[in-house]
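Numbering (full-length UniProt numbering), first residue to last: 1 to 225.
The beta-carbon is built from N, C-alpha and C at its ideal position, and this holds for glycine as well.
Right, one structure below, let's go through it.
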Ligand code: ADP
Ligand code: MG
């Protein structure tokens, strides 16, 4: 499989709060290759660097990747339909986007209804985003990511507010609609059922990188120690 992205001697930092203090290290990666067809579960304790790495990958892949952020980041005043539609803003002219905001087109409504149905949110299209529960917001963010229709998915804990069964179904849907996926997950067990490769981050470094079928319980245990 061809390489989509290769990171070498990559140091990701964030600015220190203290004046005149050097930037702080969030994650250091010596070498990492992401290949077409990978379904990557990005694992590690909170603070390990998962979101930092995903943001960096997103920056590198620019408009080739759909993005599902950790906090759903919906526009609270807009209806669910328009939040999902915002995934397609760059596919249409400003005129089409503005017209659809004022008078939703039946074509886009049909597309978005079909997308919303398997996510269980088709009844909510005309509800304002700030009236949704956390789980509903997360499904809308997933629908918006799907509506971006890019070949690569980058998702940051996309099903953390859903129960295990719903989470698994929706993860399977997400990976089935993309050629390549990189998904940060808080639930390692769930991640391993839908992914074929594990990248584990620990102490701001790459701790493990292997196919799911070669992963040992021991190495997963060490990752979370
Ligand atoms: P994860 O997603 O695995 O929980 P993050 O990528 O959010 O981890 O963070 C990695 C590390 O970098 C953490 O220790 C976090 O506190 C730190 N960090 C990253 N960005 C910032 C920032 N802008 N301000 C303060 N700390 C940050
Ligand atoms: Mg995170």
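Per DSSP, the bridge partner or partners of residue 128: Mapped onto the chain shown, residue 128 falls at position 128. Residue 128 is bridged to 79.
Could you give the distance in angstroms between the alpha-carbon of residue 71 and the alpha-carbon of residue 179? What you label residue 71 is simply residue 71 of the chain shown in a count that begins at 1. What you label residue 179 is simply residue 179 of the chain shown in a count that begins at 1. Near 24 Å, if we compare the C-alpha coordinates of residue 179 and residue 71.
Based on the DSSP output, what are the partners of residue 42 in its beta bridges? Position 42 of the chain shown holds residue 42. Note: residue 42 sits in a beta bridge opposite 184, 199.
Taking the alpha-carbon positions, what's the residue 101 to residue 150 distance? Here residue 101 refers to the residue found at position 101 when the chain shown is read from its first residue. Here residue 150 refers to the residue found at position 150 when the chain shown is read from its first residue. Cα to Cα, the separation comes out at about 22 Å.
Euclidean distance between Cα positions of residue 8 and residue 217: Counting from one through the chain shown, the residue named residue 8 turns up at place 8. Counting from one through the chain shown, the residue named residue 217 turns up at place 217. Approximately 28 Å between the Cα atoms of the pair.
Closest Cα partner of residue 229 within the set 65, 16, 21: There is simply no residue 229 to check, as the chain begins at 1 and stops at 225 in what is shown.
DSSP state of residue 50, grouped into three classes? Residue mapping note: residue 50 aligns to position 50 of the chain shown, counting from 1. Looking at residue 50 - three-state DSSP - the assignment turns out to be helix.
Using 10 angstroms around the beta-carbon of residue 225, count the other beta-carbons present and answer buried if the total reaches 16, otherwise exposed. On the chain shown, position 225 is the one that residue 225 refers to. Per the 10 Å Cβ criterion, exposed.
Do residue 164 and residue 125 have their C-beta atoms closer together than 8 Å? Here residue 164 corresponds to residue number 164 of the chain shown, with the count starting at 1. Here residue 125 corresponds to residue number 125 of the chain shown, with the count starting at 1. No, they are not a contact pair.
Taking 7 Å as the cut-off, is the beta-carbon of residue 191 closer than that to any non-hydrogen atom of ligand 1? The residue you call residue 191 lines up with position 191 of the chain shown. No; taking the cut-off as 7 Å, the Cβ of residue 191 has no heavy atom of ligand 1 nearer than that.
Do residue 28 and residue 55 count as a contact pair if the criterion is CB distance below 8 Å? What you label residue 55 is simply residue 55 of the chain shown in a count that begins at 1. What you label residue 28 is simply residue 28 of the chain shown in a count that begins at 1. The answer is no: Cβ separation not under 8 Å.
Beta-bridge partners of residue 208, as assigned by DSSP: Residue numbering aside, residue 208 sits at position 208 when the chain shown is read from its first letter. In the DSSP output, where bridge partners are listed per residue, residue 208 has 200.
Between the CA atoms of residue 127 and residue 103 - distance to the nearest angstrom: Counting from one through the chain shown, the residue named residue 103 turns up at place 103. Counting from one through the chain shown, the residue named residue 127 turns up at place 127. Taking the straight line from one Cα to the other gives about 16 Å.
Short Cβ contact (8 Å threshold) for residue 120 with residue 144: Within the chain shown, residue 120 is the residue found at index 120, counting from 1. Within the chain shown, residue 144 is the residue found at index 144, counting from 1. In this structure, the beta-carbon distance from residue 120 to residue 144 does not fall below 8 Å.
Skipping 5 residues on each side, what residues in its chain have a beta carbon closer than 7 Å to that of residue 211? Taking the first residue of the chain shown as position 1, residue 211 is located at position 211. Here the set comprises 196, 197.
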